[in-house]
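**Q** Have a look at this one.
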Amino acid sequence: VFRVYVTPTNTGEDRGEVVALLRNITDRKMLEEMRSEFVANVSHELRTPLTSVRGFVETLLDGALEEPETARKFLEIINKETERLTKLLDELLSLSRYEDKSNVINMESIDISDLIKRTVAIISPRALEKNLAITTDLPADLPAVQGDPDMLRQVLINLIDNAINYTMPGGAICVAAGIEQGELKVDVKDTGVGISPEHISRLFVRFYRVDKARSRELGGTGLGLSIVKHIVEAHNGRVQVESKVGKGSTFSFILPLAGQKR
Ligand code: ADP
């Protein structure tokens, strides 16, 4: 709580300055709180896999190494945890790069159908491994969009990866694109677990997960969707989610078309 005493001699201008100063203090305080919350989150996310790795290494050194089957199981867990650490660090770096507004994007004309087809081709083995059907639904004459192909590929990868992670075997994923009200809309639809309405608004917040244990088990970092949001917004676009628990989710991003001013 900030207490301000304004004496009757204060002119309107002074009051304006007081208000500006207060806003400045609250903004700074909020930034400081966000920063320390972020550091706390990162430390926690790093500590969890590290604690697990240390535990298994100690058990191995204490004798589990002599039992090949147990040793193998432990090493597999250590391997998975270190993979997750690497992914977490990669994603943290991407996020800080995308958050830096002074970074210019290398905009070029992109054939989005081609980008979707190539990305789906790369990821489809993972979907098939889990017995998920993955298809595309792309009209023949989609106009080009302006964007950075590597960044937009990352958006597609993150959304399709999630669709794979949160859909049970036997389900289906479809990546569709089309023009809606003069903009390009790309949908990644799945027949997965779905998300209940109270979580929807927080999905794109760093480290937010509906089910922490499930996300961890799947090697998730809780950063994928915040990276998606940053990239899409850096392209003057926006993200959307529609979901029904037990039925599935559609994550969409909408981009202005090449030559269109927003
Ligand atoms: P994570 O690494 O945990 O997947 P994300 O930022 O990509 O992190 O997603 C945040 C959370 O949103 C996930 O933990 C999950 O709870 C939920 N989520 C994302 N995509 C889907 C989806 N297709 N179906 C159901 N839940 C999803």
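Counting from 1, position 136 in the sequence shown corresponds to residue 335 in full-length UniProt numbering; the numbering is continuous, with no gaps. The C-beta atom is built at its ideal place from N, Cα and C for all residues, glycine as well. Keep in mind it's a predicted model, so treat the numbers as computed, not measured.
1) Could you give the first and the last residue of the continuous beta strand (DSSP E) run that contains G346?
2) According to DSSP, G447 sits in a beta bridge with which residue or residues?
3) For I356, collect the residues of the same chain with a Cβ closer than 7 Å to its Cβ; drop the 5 residues on either side in sequence, then sort them by chain order.
4) Could you tell me the alpha carbon to alpha carbon distance between L288 and G419, rounded to whole angstroms?
5) In its own chain, which residues sit with a C-beta less than 6 Å from the C-beta of I453, not counting the 5 before and 5 after it?
6) Rounded to the nearest angstrom, what separates E275 and E282 at their Cα positions?
7) Count the other C-beta atoms from every protein chain shown that fall within 10 angstroms of the C-beta of A219, then say buried if there are 16 or more, exposed otherwise.
8) Taking just the CA atoms, how far does A339 sit from D347?
9) Does the Cβ-Cβ distance between I399 and V440 come in under 8 Å?
10) If V392 and V374 are in contact, beta carbons under 8 Å, what's the gap, nearest whole angstrom?
11) If you drop the 5 nearest sequence neighbours on each side, which residues of the same chain put their C-beta closer than 6 Å to that of S442?
**A** Judging by the given coordinates:
1) V344 to G346
2) K443
3) T318 and I322
4) 12 Å
5) Scanning its chain for C-beta atoms nearer than 6 Å, with the 5 sequence neighbours on each side dropped, one finds around I453 the residues E382, K384, G436 and R437, in chain order.
6) Rounded to the nearest angstrom, the two C-alpha atoms are 11 Å apart.
7) exposed
8) 22 Å
9) yes
10) V392 to V374, Cβ: 19 Å. No contact.
11) G393, I394 and S448
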